[in-house]
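Note that numbering that gives the first Met the number 0 has the sequence shown beginning at 0, numbered continuously upward. Below is one structure, written out as structure tokens, with a few remarks after it.
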Amino acid sequence: MKVENQISVVIADDEPLARRGLKYRLQEHKDINIVEECSTGKEALEAILANRPDVVFLDIQMPELTGLQVVEQLNKSLTTLPIVLFITAYDDFALKAFDIHALDYLLKPADDERIAEALVRVRNALKQQLQSEHSNKLLRAVAELTGQNPRDVAQRLANNEPVIQDAYPEVLAIKDGSEVTRVNVSDILWIDAAGDYMCVHGKSGMHIMRKTMKELEQELNPKLFIRVHRSAIVNINFVKKMVSHVSGEYHLILQNDTELKVSRSHRDKVKQAMNS
Numbered sequence: 000m001k002v003e004n005q006i007s008v009v010i011a012d013d014e015p016l017a018r019r020g021l022k023y024r025l026q027e028h029k030d031i032n033i034v035e036e037c038s039t040g041k042e043a044l045e046a047i048l049a050n051r052p053d054v055v056f057l058d059i060q061m062p063e064l065t066g067l068q069v070v071e072q073l074n075k076s077l078t079t080l081p082i083v084l085f086i087t088a089y090d091d092f093a094l095k096a097f098d099i100h101a102l103d104y105l106l107k108p109a110d111d112e113r114i115a116e117a118l119v120r121v122r123n124a125l126k127q128q129l130q131s132e133h134s135n136k137l138l139r140a141v142a143e144l145t146g147q148n149p150r151d152v153a154q155r156l157a158n159n160e161p162v163i164q165d166a167y168p169e170v171l172a173i174k175d176g177s178e179v180t181r182v183n184v185s186d187i188l189w190i191d192a193a194g195d196y197m198c199v200h201g202k203s204g205m206h207i208m209r210k211t212m213k214e215l216e217q218e219l220n221p222k223l224f225i226r227v228h229r230s231a232i233v234n235i236n237f238v239k240k241m242v243s244h245v246s247g248e249y250h251l252i253l254q255n256d257t258e259l260k261v262s263r264s265h266r267d268k269v270k271q272a273m274n275s
């Protein structure tokens, strides 16, 4: 049973004296809670799966299953392993122990100083785990609030980029009767209005959605989607060029050769977007 603010520990060693000595040394540390002692590899495996301890002190050479085999079995059963410290009378297995990511490798008999040193490593490792868990929870919360992928949020934070700049949906869910079509926002070329309906022109074709131009414009990233006239929005990434006619009118030519008129009231903003 885990106790709050304490480190839960399982001890596994087939030598009673060694097991008792390790237990006494660990009990000198007030934050250590020994939840179970085992004398075979099979007992150790069952105890770890049942108690889910923070830390396991695991003898390598034990009956039924070796300490290394116990860890191999745990890898198949658990997504998150406890911190493993191997204890043994021989140093022959040190390389193999670190290959399977053991935190430490203690040679018997381990004295008070060596145990204390190992526990410092344990506390530091648990602290890092806790910080990582908190960071992951925060990333997931931010991602959910902004409609982004947690990996993208982490990358922006690592690059010192503001996360909120992309707080716009990456997908539009367009309902048509009983069907809902998910359209990637990045695949939308342009949008035009037909009364209270929007015609969303994407790479995969046109989709109709019931929403006003103002409502839809507020959902889209203004750095990518710009109003070109009263009833049309264009994705600047799909604009090939801007041309002027002898009449003084400006038109945008999209990559699929669609031509859209630019109204005078939006001309300067469109030019600025084209040059940025």
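Every residue gets a Cβ at the ideal spot worked out from N, C-alpha and C, and that includes glycine. As the structure is a prediction and not an experimental result, all values here were calculated from the model.
Presumed contact (8 Å Cβ cut-off) between LEU188 and GLY201, rounded CB distance: As a working mapping, residue 188 is identified with position 189 in the sequence shown. As a working mapping, residue 201 is identified with position 202 in the sequence shown. Going by Cβ atoms, the distance from LEU188 to GLY201 rounds to 6 Å, so yes, they are a contact pair.
(message) For the pair the segment 67 to 76 and the segment 41 to 53, tell me if three or more CB-CB distances fall below 8 Å.
(response) yes
(request) Kindly indicate which three-state DSSP category SER7 falls into: helix, strand or coil? (result) Taking the sequence shown and counting its residues from 1, one reaches residue 7 at position 8. Strand, per DSSP.
For ILE10, is the classification buried or exposed, using 16 other Cβ atoms within 10 angstroms of its Cβ as the cut-off for buried?
As a first step, residue 10 must be located in the sequence shown, where it is residue number 11. By the neighbour-count rule (16 or more Cβ atoms within 10 Å), ILE10 is buried.
query: the ligand ATP heavy atoms versus the CB of LEU106: any closer than 6 Å?
result: Because no ligand of any kind appears in the structure shown, any question about the ligand ATP cannot be addressed here.
If you run the structure through DSSP and keep just helix, strand and coil, what is GLY66? Stepping through the sequence shown from its first residue, residue 66 is reached at position 67. GLY66 falls in the helix class under three-state DSSP.
Any beta strand (DSSP E) of 3 or more consecutive residues that is wholly inside the segment 184 to 270 = 187 to 193, 196 to 201, 204 to 209, 224 to 228, 231 to 234, 238 to 243, 249 to 253 and 258 to 261
Next on the checklist: On the CB-based measure, 16 or more other CB atoms within 10 Å of its CB, does ILE207 come out buried or exposed?
Outcome noted: Indexing the sequence shown from 1 puts residue 207 at position 208. Exposed: under 16 other Cβ atoms inside 10 Å.
task = Sort CYS198, ASN159, VAL184 and SER177 by Cα distance to GLU320 and report the nearest one.
result = Outside the shown range of the chain (0 to 275) lies residue 320, about which nothing can therefore be said.
Review point. Just reading off the alpha helix (DSSP H) that GLU42 is part of, what are its end residues?
Key: Start at 1 with the first residue of the sequence shown, and residue 42 comes out as number 43. Its alpha helix (DSSP H) spans residues 40 to 50.
* Whose C-beta lies closer than 8 Å to the C-beta of PRO108 among residues of the same chain, with five residues either side of it excluded? -> In the sequence shown, the residue the question calls residue 108 occupies position 109. Answer for PRO108: ALA17 and GLY20, listed in chain order.
Practice prompt. Look up VAL141 in the DSSP assignment and give the residues it is bridged to.
Written response: The residue you call residue 141 lines up with position 142 of the sequence shown. According to DSSP, VAL141 bridges with nothing at all.
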